[in-house]
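Notes follow the structure.
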Amino acid sequence: MLYVTETETREVKELSGIWKFKVDENNEGIEKEWYKKPLEDTILMPVPSSYNDITQDPEIRDHIGMVWYETEFFIPESWSGKRVFARIGSASHTAIVFINGNKAVEHKGGFLPLEAEITDLVKFGEENRITVMVDNRLTWDILPPGEVREIKDEMHPEGYKIQEYFFDFFNYSGIHRPVKIYSVPQNYIKDITVRTKINEKQGIIEYEIDYCGKGEVDVSVFDKDGNKVGEAKGEKGTIVIDDAKFWEPGNPYLYFLKVKTFIDGNIEDSYTLPVGIREIRVDGKRFLINGKPFYFKGFGKHEDADIRGKGLDQVINIKDFNLLKWIGANSFRTSHYPYSEEILYLADIYGIAVIEEAPAVGMNAFMGRMKIFTEERVGTKTLEHHLKVMEELISRDKNHPCIVMWSVANEPASFEEASGEYFKKVIERTRELDPTRPVTLVESSGYRETKAGDYVDVLCVNRYYSWYTDSGNLDIIEYQLERELSGWYERFKKPIIMSEFGADSIAGFHSDPPMMFTEEYQKEMIERFQQVLDRFDFVIGEHVWNFADFATKQQVFRVLGNRKGVFTRQRQPKLVAHFLRERWHKIPDFWEKK
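All letters in the sequence shown, in the order written, are residues 3 to 596 by the numbering used here.
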């Protein structure tokens, strides 16, 4: 899947802006065919954004079920004879798109694009109407999973329902990423797949073009100064660049692969793809980028900010990348879902390594004792959807050099017997789709209990000693973490990333000696974890939880959200940020412990 952008043969209409919006209080709009005519009794809603925090109405914020969006757009007469597509970057969690009252596409899953050809549905030279139904209900056959439960007792009114989910971030909903209408020629470039290798000073680009139509295919590679450094013909081939410059964290060089198609000597279609030449490999205790041992310094993050929720905002994105550079980070995990394409392009440019994660979070029962990997919950239907998600994810993001590893899930109940076969299938399919990148799964289970550790290339482990367990006892960290890490390595003999560790702190709360929820406690806890991490040569990285404070559902142990951020939700540094900045700037990106 190619990112939607204009070229000499393609035009794009960006529909971001103010749309009409309506809450479907009784979830009846599909049955009553609201899409057949313009929506009535609407309010205004910005797109992209989460709708939850835009109004002052708590019933909108906490609505369970369908909402509707609508706007108008104009298709120029000049597009007649071309193919026209509609693309929504993401809508959480199920969406149906209608064009002029006709269904165009339906999609399940809230963090990846939905797209359809709408050539036969639009009117050229006239105004058109796009209507989008978005449903935020989570079930056990969607990622992330959840269930809508009706409470039937004398203390609740009839029909009282709650949306249960088992992940610790707010279930923001709406059209979260851009809506675009775009044109392509009748014979068009549908997709490009690039895989790169390194042979001493040579950069090797293997490409494959998915071309719909007839004609000749020319491929050229240009450096950042516009000089042509390689070329080939045909829909599949290899281009070798001598004295190539490679992409790596801290030094992210990008080439540009330009594909042109011709019919009878006339250009038919054109697309330019940024390409970073780099090679990833796990070797024993080491994670190698371009043959050099890489040490992960950074965070688990969230797409989350005031008011806009999970809506794409390039102001926030640029600020976040500037903070990553300021603090000395070289990587982050897209916890716990695929982030926007725009963020990944920035990571390509800034030279930040990314562990990209599927939205398989909440496959656990931290708040209860029910079994998860059963046919009634995470079973055959969930697995089918999970495999489809991995296909969509890798199709969208396979060409980003910043992505150095896939994560198939976060903190599942991997201690359950049935989880082993489940994740074996997911990981095997992920490797089939992309044999060039390692695969991981982020663990909260113990090393003795997990049924998934044999299948991954790198072990990612989340631990919160002195926070959720032995709360307030910082002295226990060393004793417990040493035994934990040793146990993981002794059983699996694989490199380990400490993928989550941290403490909540309320900005401005201070205590000496350090006490929980103060900035001092957060800093002391993280420092003590790192003192242990530094002792083990098989520990190849540290991702602090979290980059910034973020919203969660209301709970007695969450004070206006999760406060484990190194930065506040408004991106201001806490005490620990200055400590991490001093530490991480001293540790090189490429570092092998001795």
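All C-beta atoms in this analysis are idealised placements derived from N, C-alpha and C, irrespective of residue type, glycine included.
Leaving out five residues before and five after residue i in sequence, what residues of the same chain have Cβ atoms less than 6 Å from its Cβ?
i    : result
G455 : F494
R379 : W142
D212 : K192, D193
E13  : S185
G597 : Residue 597 lies beyond the stretch modelled for the chain, which goes from 3 to 596, so this question has no answer here.
I357 : R335, M407, S409
T11  : P187, D271, S272
K238 : E210
M369 : With a pLDDT of 48 at M369, under the threshold of 50, the modelled position of that residue is not reliable, and no figure is offered here.
A420 : F375
V107 : V99, L116, A118
E156 : none
Can you give me the start and stop residues for the alpha helix (DSSP H) that residue i sits inside?
i    : result
I309 : Element bounds for I309: n/a, residue is neither H nor E.
D399 : 382 to 399
R485 : 478 to 494
F323 : 316 to 329
L348 : 343 to 352
Q524 : 521 to 535
A420 : 419 to 435
I62  : 60 to 63
Report the CB separation of residue i from residue j in whole angstroms; it is logged as a contact under 8 Å.
i    : j    : result
N548 : G563 : N548 to G563, Cβ: 10 Å. No contact.
S333 : I354 : 6 Å
E445 : V463 : 5 Å
K199 : D244 : Not confirmed; about 14 Å, so no contact.
V25  : V69  : 5 Å
K163 : S222 : Not really, about 57 Å apart at Cβ, beyond 8 Å.
G364 : P147 : 6 Å
E74  : E129 : 5 Å
K383 : G543 : Not really, about 34 Å apart at Cβ, beyond 8 Å.
V428 : L389 : 7 Å
G176 : S18  : Not a contact, Cβ separation roughly 13 Å.
Whose C-beta lies closer than 7 Å to the C-beta of residue i among residues of the same chain, with five residues either side of it excluded?
i    : result
T9   : S272, Y273, T274
S337 : G302, K303, H304, E359, N412
G214 : The question names Gly, but residue 214 in the sequence shown is Cys. Cβ neighbours of C214 beyond the five flanking positions: N189, Y190, K192.
F581 : K525, E529
V219 : I211, Y213, K235, G236, E237, V261, T263
Can you tell which of the options has the C-alpha that lies nearest to the C-alpha of residue i?
i    : options                : result
E343 : K247, S397, F298       : S397
P187 : K216, L256, I164       : K216
P2   : E30, K22, I56          : Coverage of the chain is limited to positions 3 through 596, which leaves residue 2 absent and any answer about it impossible.
E413 : A246, K400, P361, D551 : P361
L346 : I329, G364, K373, D322 : D322
E394 : I374, N366, D436       : D436
I98  : N138, P78, I429, D64   : N138
K226 : E386, I405, G278       : G278
M3   : N28, G19, I56, G91     : G91
Y339 : Q482, L443, A331, E377 : L443
G474 : G504, I269, E160, L577 : G504
E502 : W328, Y466, Y523, A509 : Y466
E598 : I20, R179, W469, G103  : The first residue shown for the chain is 3 and the last is 596, placing residue 598 beyond what the model contains.
E250 : V242, R565, A349, M518 : A349
P403 : W81, N292, E521        : N292
S513 : E522, F248, I183       : E522
I77  : M518, K182, D477       : K182
Q533 : A106, K247, E377, I478 : I478
H587 : F511, F552, K327       : K327
Y617 : D266, I269, R280       : Any answer about residue 617 is impossible in this case: the structure gives the chain only from 3 up to 596.
Near residue i, which residues of its chain fall below 8 Å by C-beta distance, leaving aside the five closest residues on each side in sequence?
i    : result
D539 : K287, E594, K595, K596
F425 : V410, A411, P414, S416, L443, K453, A454, Y457
Name the two residues that bound the continuous beta strand (DSSP E) containing residue i.
i    : result
N201 : 190 to 201
L17  : Here L17 belongs to no beta strand (DSSP E), and DSSP marks it neither H nor E.
P48  : 45 to 49
W586 : Not the beta strand (DSSP E): W586 falls in the alpha helix (DSSP H), residues 577 to 588.
K105 : 104 to 110
K235 : 230 to 235
A88  : 85 to 90
L461 : 460 to 464
F264 : 257 to 265
G543 : 541 to 547
V444 : 441 to 445
(request) Assess, as a yes-or-no matter, whether the region 150 to 160 is touched by the region 37 to 53 under the definition of 3 or more beta carbon pairs within less than 8 Å. (result) Under the three-pair Cβ rule at 8 Å, the region 37 to 53 does not count as touching the region 150 to 160.
(request) Could you tell me whether the region 455 to 468 touches the region 495 to 514, where touching means 3 or more Cβ pairs closer than 8 Å? (result) Under the 8 Å Cβ criterion, the region 455 to 468 counts as touching the region 495 to 514, having at least three qualifying pairs.
(request) Could you say if the region 130 to 145 and the region 293 to 307 meet the contact criterion of at least three C-beta pairs nearer than 8 Å? (result) Counting Cβ pairs under 8 Å, fewer than three are found: no touch.
(message) Tell me whether the region 81 to 94 and the region 114 to 127 touch, counting them as touching only if at least three CB pairs, one residue from each stretch, are closer than 8 Å.
(response) Contact between the region 81 to 94 and the region 114 to 127 is present, because at least three Cβ pairs lie under 8 Å.
(request) Say whether the region 310 to 318 touches the region 527 to 543, bearing in mind that this needs 3 or more beta-carbon pairs closer than 8 Å, one atom from each stretch. (result) No: fewer than three Cβ pairs fall under 8 Å.
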